[in-house]
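Enquirer:
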Amino acid sequence: MDFPFQIRSYEAYEVAYKKSVAEPEQFWNDIAEQFLWRKKWDKVLEWNFKQPDIKWFLNGKLNITENCLDRHLAALSDQPAIMWEPNGITEANRVITYGELHSKVRQFAHVLRNNGVKKGDRICIYMGMIPELTIAMLACARVGAIHSVIFGGFSAQSISDRLQDANAEFIITCDGAYRGAKDIPLKDTIDDALVNCPFVKCVIVYQRTNTPVSMIKGRDVWWSDEVAKVAAQDDPEFIAEEMDSEDPLFILYTSGSTGKPKGVVHTTGGYMVYTTYSFVNVFQYKPGDIHFCTADIGWITGHTYILYAVLCSGGTSLMYEGLPTWPDAGRLWDIVDKYKANILYTAPTAIRSLMAYGTAPFEGKSLDSLKVIGTVGEPINEEAWHWYDEHVGKKRCPIVDTWFQTETAGILLSNLGGVTPSKPGYATLPLPGIQPVLVDEQGKEITGNDVSGNLCIRFPWPSILRTTYGDHERCRLNYFSSYDDMYFTGDGCYRDEHGFYRITGRVDDVLNVSGHRIGTAEVENAINMHTGVLESAVVGYPHDVKGLGIYAYVIMEKMPEDEAITRADIIQTVTRIIGPIARPDKIQFVKGLPKTRSGKIMRRILRKIAEGETGNVGDTSTLLDPAVVEDIKGGKL
Ligand code: PRX
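For any residue, its number in my numbering is found by taking its place in the sequence shown, counting from 1, and adding 115.
Shown next, in the form of structure tokens:
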């Protein structure tokens, strides 16, 4: 694939950026023409942010998997599409070429149709990081079904909430998943989730760990049996579904400041165009490069930068099943050397956890193949940035600090590797097509440089979310109602004297823990379900590895006799209700919470105390009972 839209100099970036603002329709029209469409669009863009109603490449027809696979067959059939490194170091790795992936996806698409899947059906995917996960996602897209991938760290209750919200009648899962020293019983968790979901018609189970699993007649089928059936009647003419540019491609659930996680909906044409554009430019991808993204596919980073954008570019995606510290802290460096990876894309939390092991894990590792290294998911502290630069990039690889969100699907703010300048801790500049704005609390735009405000985006880009599944009003309220005619990101941001952007963190009640988004309200609801709990308040506090840790203040009906046991029990309840990723790091039992006279919890004060402030926590005069503050300060963990 040629990339006439690849930006190769700072001057070219400026030209592209100016054009994208002056003539956005023409700009995206020209980029979209580089893809494979069955029918060209009639109009590039229609939009308003009021409702919101956003449509890109109207009436364009395509199937994204033909862009990921079919169009590369002539030139790249024997090139690896996916290279897979298993969790265990003694197990054989797998390399799947474009030709092989194409036939596996076609076959599994056939399996889905045989099992009654139709265009528009929602399919939940709950699998470990194995190539079959990518096959399952692409097969859904091939038949026009909407996948909803759920990260393996979510509990049965969370899965059941998501299945109900999307009314998903199909599930693709594994018996289990390997992660480090653990075997995670995925099918068991699905079985628990299904107790409340009688509408689920079919569960397809891939055998990965050979863990014993229950298989219910008439509902549960083995992946291998189903593939064997279609292999016998393989039909090379099996046609990919024709999708409209605005047909949904997937739903991905993410936490907000209120209520249950919402299903962010992305559509087909705009997602493909923008995410591929961002991949080729931010990472300066060159044909033949091996791209290693360590995210889990259960998050947006994995959807876009392990799967869709990489394959749409004809790239080779290196996928790793396990953990960066398994069996030792040199594993990522071993993988980079083994596959000669050219791009490494990881998260600050992984970098910080590896920093703790010092430099011994680098001994004997070359890392010479690397050209560009990236970070995503949370602000990167300068110490981690310099460590990454020195020990991983060896001061010769540009670091791209990429800012984006589940809702944006692709990177919006980032330097372009080696093409535009980097600055430690800064996502730096907007990609072409992205118009960032800083606003104050009243919604007034803050102009000029060396200023801080809430980050909004003024104009749509092709991969902006279209709705939240089943609840468009929630989408409007969450993202488009805070400020007139702008998409509100929920992030605070500083623009320095050169116009470079630095994300300072969430300004809503969302915590970013190890790069995972967790709503404080969600964690509080889970804690409040624990027997004996009257009320709770959750805030974030600085954590050396996770970025933010979860700090819970809990009021019990009566103070626990053994605080350690009650703490462990509460953690167990949260693990059951949400999943291990939402486990509180600290729980403090308190007699009261600082509340205003109208009953609002003053989180600002709780955050200060959680940060270790023992002196002044700010103005407490509006509190109903200022004495609570001293009581909490004097409490112990
Ligand atoms: O607060 C920002 C932070 O992660 C949030 C988005 O989380 P999620 O939708 O789970 O997607 C994570 C992967 C893209 C943002 O609102 N964030 C993401 N990237 C960065 C970041 N904060 C600072 N710097 C980044 N590079």
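We put the CB at the ideal spot given by N, CA and C, even for glycine. Since we're looking at a predicted model, the values are computed, not measured.
Let me know the secondary structure DSSP gives Q703 once reduced to three states.
Expert: Looking at Q703 - three-state DSSP - the assignment turns out to be strand.
Enquirer: Looking at the unbroken alpha helix (DSSP H) that takes in M434, where does it start and where does it end?
Expert: Note, M434: premise wrong, no alpha helix (DSSP H); beta strand (DSSP E) at 431 to 435.
Enquirer: Can you give the Cα-Cα distance for G267 and M242, rounded to whole angstroms?
Expert: Straight-line Cα distance between these residues: approximately 7 Å.
Enquirer: Does the distance from the CB of N496 to the CB of D516 come in under 8 Å?
Expert: No, Cβ-Cβ distance for N496 and D516 is not below 8 Å.
Enquirer: Let me know the secondary structure DSSP gives V394 once reduced to three states.
Expert: This sequence places Phe at residue 394; Val is not what is there. Looking at F394 - three-state DSSP - the assignment turns out to be helix.
Enquirer: Return the chain-ordered ranges of every beta strand (DSSP E) run that is complete within the segment 445 to 479 and spans a minimum of 3 residues.
Expert: The qualifying runs are 458 to 461.
Enquirer: Determine whether the beta carbon atoms of L580 and V628 lie at a separation below 8 Å.
Expert: No. Outside cutoff.
Enquirer: With burial defined as no fewer than 16 other Cβ atoms inside 10 Å of the residue's Cβ, what is the status of G730: buried or exposed?
Expert: Counting Cβ neighbours within 10 Å, G730 comes out exposed, since fewer than 16 surround it.
Enquirer: Using only the alpha-carbon positions, how far apart do K509 and Y503 sit?
Expert: Spanning the two alpha carbons is a distance of roughly 8 Å.
Enquirer: Quick one: is the Cβ of T521 within less than 7 Å of any heavy atom of the ligand PRX?
Expert: Because some heavy atom of the ligand PRX lies under 7 Å away, the Cβ of T521 counts as near it: yes.
Enquirer: Taking V226 and V136 to be in contact with their CB atoms under 8 Å, please state how far apart those CB atoms are, rounded to whole angstroms.
Expert: Going by Cβ atoms, the distance from V226 to V136 rounds to 46 Å, so no, they are not a contact pair.
Enquirer: Is K234 near G259, with beta carbons less than 8 Å apart?
Expert: Against a cut-off of 8 Å, the Cβ pair of G259 and K234 comes out as a contact.
Enquirer: With a threshold of 7 Å on Cβ separation, who are the neighbours of Q399 within its own chain once the five nearest residues in sequence on each side are excluded?
Expert: Cβ within range, chain order: V487, L531, G532, G533, V534.
Enquirer: In terms of residues, what are the limits of the alpha helix (DSSP H) holding K302?
Expert: 301 to 309 is the extent of the alpha helix (DSSP H) around K302.
Enquirer: Does the beta-carbon of P139 have 16 or more other beta-carbons within 10 angstroms, so that it is buried, or is it exposed?
Expert: Answer is buried; the Cβ neighbour count reaches 16.
Enquirer: Run the CB neighbour count on E560, radius 10 Å, all protein chains shown included, and call it buried at 16 or more, exposed below.
Expert: Per the 10 Å Cβ criterion, exposed.
Enquirer: Could you tell me which of D335, G479, P476, S468 sits nearest to W500, measuring between CA atoms?
Expert: Per the Cα distances, S468.
Enquirer: Could you check which residue in T521, D340, L433, V379 has the C-alpha nearest to that of D586?
Expert: With distances taken between Cα atoms, D586 lies closest to V379.
Enquirer: Return the chain-ordered ranges of every beta strand (DSSP E) run that is complete within the segment 516 to 581 and spans a minimum of 3 residues.
Expert: Counting only runs of 3 or more, we get 551 to 554, 566 to 572.
Enquirer: Quick check: the Cα distance between L528 and P476, rounded to an integer number of angstroms?
Expert: Distance between the alpha carbons of L528 and P476: 32 Å.
Enquirer: Per DSSP, which residues does S275 bridge with? Please list them.
Expert: Answer is none; S275 lacks a bridge partner.
Enquirer: With distance defined between alpha-carbon atoms, name the residue in I720, A524, Y609 nearest to Y368.
Expert: Ranking the options by Cα distance to Y368, first place goes to A524.
Enquirer: Beta carbon of A465: closer than 7 Å to some heavy atom of the ligand PRX?
Expert: Every heavy atom of the ligand PRX is 7 Å or more from the Cβ of A465, so no.
Enquirer: Alpha carbon to alpha carbon, how far is H418 from E126? Give it in angstroms, no decimals.
Expert: Roughly 31 Å between the two C-alpha positions.
Enquirer: Taking the C-alpha atoms as reference points, what is the distance between K155 and N174?
Expert: If I take the Cα positions, the gap works out to 7 Å.
Enquirer: With L160 as the anchor, note down where its beta strand (DSSP E) starts and where it stops.
Expert: It spans 158 to 163 - the beta strand (DSSP E) in which L160 sits, taken as one unbroken run.
Enquirer: Are there any heavy atoms of the ligand PRX lying less than 7 Å away from the beta-carbon of E612, as far as the coordinates show?
Expert: Checking the Cβ of E612 against the ligand PRX gives no.
Enquirer: Could you give the C-beta distance for V660 and T383, rounded to a whole number, given that I count them as a contact under 8 Å?
Expert: Going by Cβ atoms, the distance from V660 to T383 rounds to 38 Å, so no, they are not a contact pair.
Enquirer: Would the beta-carbon of W414 be found less than 7 Å away from any heavy atom of the ligand PRX?
Expert: Flag set: Cβ of W414 near the ligand PRX.
Enquirer: Just how far apart, CA to CA, sit Y321 and D335?
Expert: Between Y321 and D335, the C-alpha separation is close to 11 Å.
Enquirer: Could you check what DSSP says for A410 in three-state terms: helix, strand or coil?
Expert: Here A410 sits in coil by DSSP.
Enquirer: Less than 8 Å between the beta carbons of A697 and G374, yes or no?
Expert: Not a contact, by the Cβ cut-off of 8 Å.
Enquirer: Going by C-alpha to C-alpha distance, which of V638, R682, T737 sits closest to G694?
Expert: When only C-alpha atoms are compared, the closest one is V638.
Enquirer: Starting from G214, follow the alpha helix (DSSP H) in both directions and report where the run begins and ends.
Expert: Where G214 is concerned, the enclosing alpha helix (DSSP H) stretches over 213 to 229.
Enquirer: Which two residues bound the contiguous beta strand (DSSP E) that contains E745?
Expert: That residue, E745, is in no beta strand (DSSP E); its alpha helix (DSSP H) goes 742 to 748.
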